[in-house]
Each structure stands twice: as C-alpha cells, then as structure tokens.
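In the UniProt record's numbering, the protein residues as written are 1 to 437.
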Ligand code: GDP
Ligand code: GDP
C-alpha cells in the first residue's frame, strides 16, 4: 500500500517547519537513532488515528529574482499539486492575509486537490478572531493553530486524515516486481531504464499508472514480470529547481512508495554525497527493498581493489542499510548490466519472505541462550514468543513480559541473529516488542 503524501505550502516564516516538526513529532526521533543518516528534515512519516502518511515541508525551494517570495511559493504549490494527495496551505494570523496568499490560494483551488487551510500563530484568544478573514480565500474553513504552543495541531491532523484518499487498489498483480530508480539528476537513471529495456532511446509500451499521471513501464525477462515505476517522472527535467534536493526527494517519494525494490543509483565517477543518503533513507524508512547501483563504472579507473573500496565507502555512508547489495555497472556500455535483474528478483523474494513461527522461535531461543537479555533494576526481560506478522518488509513481533525492559542494543542483537539465520538480503526488517505474559 502506497502511503499518501501530504505537502505543506506557504510563505516563508509562517511557521511551516515548526508545524512540520510537530506533525512528525517523535517519529523523527525513532529514525534518527539509526546511525549514518543525516537528517535535515526533508520529510517525515506521521500517524494519526491509525492512518499513516508522509509529510513534506516544501519551504526552502526558492527562486531568485524579483518577487521571489511569490515565485517561490508558486513553485512549491505546483510541486505539491503534482506530488501530494493533500495540501496544507499555511498562512499566519500575525501578519494577516497577503496578496501572495491570495494568489497561491487560487492556484491551489484551481488544481482541485484537497486543501486544508491552516492559520498559524494563533497564540491566544485575541488572535482566534483573526482567522475569519481567511474565509475569503474560498478554500474552506481555516483552522487556527499555534506552532509555538501546539494548540490546534490535533484539529489540523483530523482535517488532513479526513481528506486522505481511501485505499487505492493494488495496481499490479502480486507476481509483478515493482522497481523504482531513484537518485540525483544525471546519475544515469534514464539511461539505465533504456539499457534494461534494451532499447536505444524511446521507451515503448508505457502504461498509465492509476494513482496519478505516472507512466510505468512493464516488461518481462526470463519469465519474471517487472514494472519500472514512474519512468515519466525521470524524464521531466530542465527546470532550474530540479537540482534542489527537496525537489528531487519529493519527486522520488511517490515512486518509492509504489515500489517493492528501489534501485538507489549512484554516480560511480562522483562518489556519494548527502543527497544520495536522504533519498536512500526514505526507501529504508518506507520499508522497501533496496539495491545500490553504482553506475558509470566504465569511466572509473580501476584496479582489483576499486570495487571493494567503493563498496566500503557505501557501507560507511549508509550504516543503516548494510543489508542492501551493491551492483556495479555501466548503463552506457551495458557492462555488467546482466547482473542487475537477478539481484532485483532475489531481493524482491527476500522482501516477501515469510518465516514460520516455529523457525523464528528456534533462532531467537538460541540467541537468548547464548546471550541472555540484561536485567534492569533486578528485573529481566523475558521473551515469550516471536512471530512474523507481515511481509514487505518482513515484520516480526517479539512478545515479552515487559516491553520497557527491551533495549535498543538487544533488539539489534536479535535482529542480527534473525538476519544471520534467514538472510533477508536487500530488505529492512521491522522488529516490534509487545507485552504478553
Ligand atoms: P517557515 O519559514 O514557514 O518554515 O517558518 P518557521 O517554522 O521557520 O517559523 C518562522 C518563525 O515563526 C520562527 O521564528 C518560529 O519560531 C515562529 N513561529 C512558528 N510558529 C509560531 C507560532 O505559532 N506563534 C508564534 N508567535 N511564532 C511562531
Ligand atoms: P538521469 O538524470 O539520472 O536520468 O541521467 P541520464 O540517464 O540522463 O544520464 C546523464 C548523463 O550521464 C548522460 O549524458 C548519459 O549519457 C550519461 N551516462 C549515463 N549512464 C552512463 C554510464 O554508465 N557511463 C557513462 N560514461 N555515462 C553515462
């Protein structure tokens, strides 16, 4: 199930990033304890009333020149219209309604996208009256919030969740492996798509995806069906702001959500930069299988150690994704290209792997026997049983006497033992601890 995307749009300084942090709250803290991931709050995953969605703050996508505020939020609004399911349009009570607000409200209104109008900086009762003037925007009831105090955030979340799309039908049969190629501009994503499909330039037999105007490209190889997700998104370019990181991450989010396997394409000639990490981090958080594809291997000067060195560098940069295999290739010369699809097939299987309760319990019992859980103030964690509750990604619940006694390091230890036994190559696994005595 692809998680819906919610975008926050509004003038600089209305409080978008403050509210963004409140919306994702402790979720950010959870992912941050994974070493090796640099977070500068590009996106977050939020849960409210049992619904999960991604939130992105479009602020910071800026266009220089005259009228830059207006032009910047226009760009943000257009991006949000293309990529988001629900848009939070944020204004502020302090400065009141501005011309820029009115203009952007019109663009949003014309798009027909569900919009939630949030008026921030409603810090006190007096300000509460200031929200009425925003009715004149004609995009619905303004919701007064205060990023400083946290008031109204629950109402805002209620309004967002109410507008989220209902579950969309699965677009492809279960036996089709959905593959997304992500990476910075110019790493060679489109070239790789063409190389995989074995065609010179044009991608034929595109089919329209059902969730939006994405173009997916299905194909079959050695009896296995695949679909390359959002090949159109990859071809859209030439806009100045595409090189901004937020923009490319946001473009990639939706494709990642719809995929089983994410190919994180890296330019072998340039090495790894932070932007690569953010995009890969999203694939990890979204629970997708991943493969690092080091492209342009033809132009890298090599000796017998170059590959190992490059792989070590990847491991250093992506400590949170040690499970992801690395494939070196050249989309241009097609050198080593034939290695890719078998790895895709393999990690897709691992992503969907289901281990019987009996087997996983054996492994955990052995792990506990070798290294018993530590005690905490004289109390010891007791593991009653373990069971896999979901696939894609494999999700395992550990039932214990008291979840507060489970430490992060012990959870890591169990995860490592489970990986050692069942491999799960290419896929993150989720481990949850629940009470059951
Ligand atoms: P952005 O540019 O839209 O992302 O805005 P920020 O989140 O960076 O906030 C801009 C400024 O407004 C900061 O100084 C915030 O501390 C302040 N701010 C955010 N929310 C509130 C609020 O509810 N009330 C008041 N008074 N200030 C706020
Ligand atoms: P995208 O923006 O990620 O889709 O990248 P493109 O597929 O458009 O490729 C960007 C540039 O890199 C183009 O000039 C390609 O010809 C070049 N390129 C792509 N793959 C390779 C490769 O494997 N080796 C070399 N030398 N150049 C490549």
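Glycine included, every Cβ here is placed at the ideal spot set by N, Cα and C.
Computed from a predicted model, the values in this text were never measured in an experiment.
beta-carbon residue i near ligand 1 non-hydrogen atom, thresh 7 Å
i: residue 104; result: no
i: residue 120; result: yes
i: residue 16; result: yes
i: residue 148; result: yes
i: residue 49; result: no
i: residue 130; result: no
i: residue 101; result: no
i: residue 12; result: yes
i: residue 59; result: yes
CB contact flag (residue i, residue j, <8 Å)
i: residue 264; j: residue 139; result: no
i: residue 9; j: residue 253; result: no
i: residue 164; j: residue 118; result: no
i: residue 330; j: residue 384; result: no
i: residue 14; j: residue 91; result: yes
i: residue 227; j: residue 179; result: yes
i: residue 266; j: residue 343; result: no
i: residue 86; j: residue 116; result: yes
i: residue 111; j: residue 81; result: yes
i: residue 122; j: residue 48; result: no
i: residue 7; j: residue 84; result: yes
i: residue 11; j: residue 73; result: yes
i: residue 353; j: residue 422; result: yes
i: residue 93; j: residue 131; result: yes
i: residue 397; j: residue 435; result: no
i: residue 345; j: residue 229; result: no
Beta-bridge partners of residue i, as assigned by DSSP
i: residue 48; result: 51
i: residue 57; result: 8
i: residue 218; result: 227
i: residue 43; result: 56
i: residue 423; result: Answer is none; residue 423 lacks a bridge partner.
i: residue 117; result: 89
i: residue 376; result: 379
i: residue 396; result: 388, 431
Whole-angstrom distance between residue j and residue i, CA atom to CA atom
i: residue 311; j: residue 190; result: 23 Å
i: residue 23; j: residue 114; result: 18 Å
i: residue 188; j: residue 337; result: 13 Å
i: residue 262; j: residue 399; result: 31 Å
i: residue 46; j: residue 386; result: 27 Å
i: residue 55; j: residue 369; result: 42 Å
i: residue 377; j: residue 407; result: 13 Å
i: residue 349; j: residue 259; result: 14 Å
i: residue 395; j: residue 186; result: 35 Å
i: residue 77; j: residue 393; result: 33 Å
i: residue 299; j: residue 372; result: 51 Å
i: residue 283; j: residue 297; result: 23 Å
i: residue 402; j: residue 374; result: 13 Å
i: residue 279; j: residue 20; result: 19 Å
i: residue 174; j: residue 224; result: 12 Å
i: residue 313; j: residue 273; result: 11 Å
i: residue 102; j: residue 79; result: 18 Å
i: residue 305; j: residue 219; result: 35 Å
i: residue 215; j: residue 106; result: 28 Å
i: residue 33; j: residue 148; result: Interpretation of residue 33 is limited by its pLDDT of 40, a score under 50 that renders its predicted location unreliable; the figure taken from the coordinates is listed afterwards. One C-alpha to the other measures close to 25 Å.
i: residue 268; j: residue 327; result: 11 Å
i: residue 195; j: residue 332; result: 8 Å
i: residue 68; j: residue 128; result: 30 Å
i: residue 334; j: residue 99; result: 53 Å
i: residue 318; j: residue 277; result: 7 Å
i: residue 315; j: residue 43; result: 23 Å
i: residue 97; j: residue 108; result: 16 Å
i: residue 391; j: residue 217; result: 25 Å
i: residue 382; j: residue 281; result: 32 Å
i: residue 57; j: residue 249; result: 11 Å
Closer than 7 Å: residue i CB and nearest ligand 2 heavy atom
i: residue 259; result: no
i: residue 442; result: Any property of residue 442 remains undetermined from this structure, which presents the chain solely from 1 to 437.
i: residue 296; result: yes
i: residue 332; result: yes
i: residue 302; result: no
i: residue 365; result: no
i: residue 186; result: yes
i: residue 299; result: yes
i: residue 189; result: yes
i: residue 198; result: no
i: residue 378; result: no
i: residue 144; result: no
i: residue 183; result: yes
Minimum Cβ-Cβ distance from residue i to chain C less than 8 Å
i: residue 48; result: Reference to chain C is not applicable here, since this structure consists of a single protein chain.
- prompt: Does the pairing of the segment 357-367 with the segment 317-324 give three or more beta-carbon distances under 8 Å?
  reply: no
- prompt: Within the chosen definition, does the segment 398-417 reach the segment 359-375 through at least 3 CB pairs nearer than 8 Å?
  reply: Taking a cut-off of 8 Å for Cβ pairs, the segment 398-417 and the segment 359-375 touch, as three or more such pairs fall below it.
Given 8 Å, three or more beta-carbon pairs between the segment 279-290 and the segment 425-433: yes
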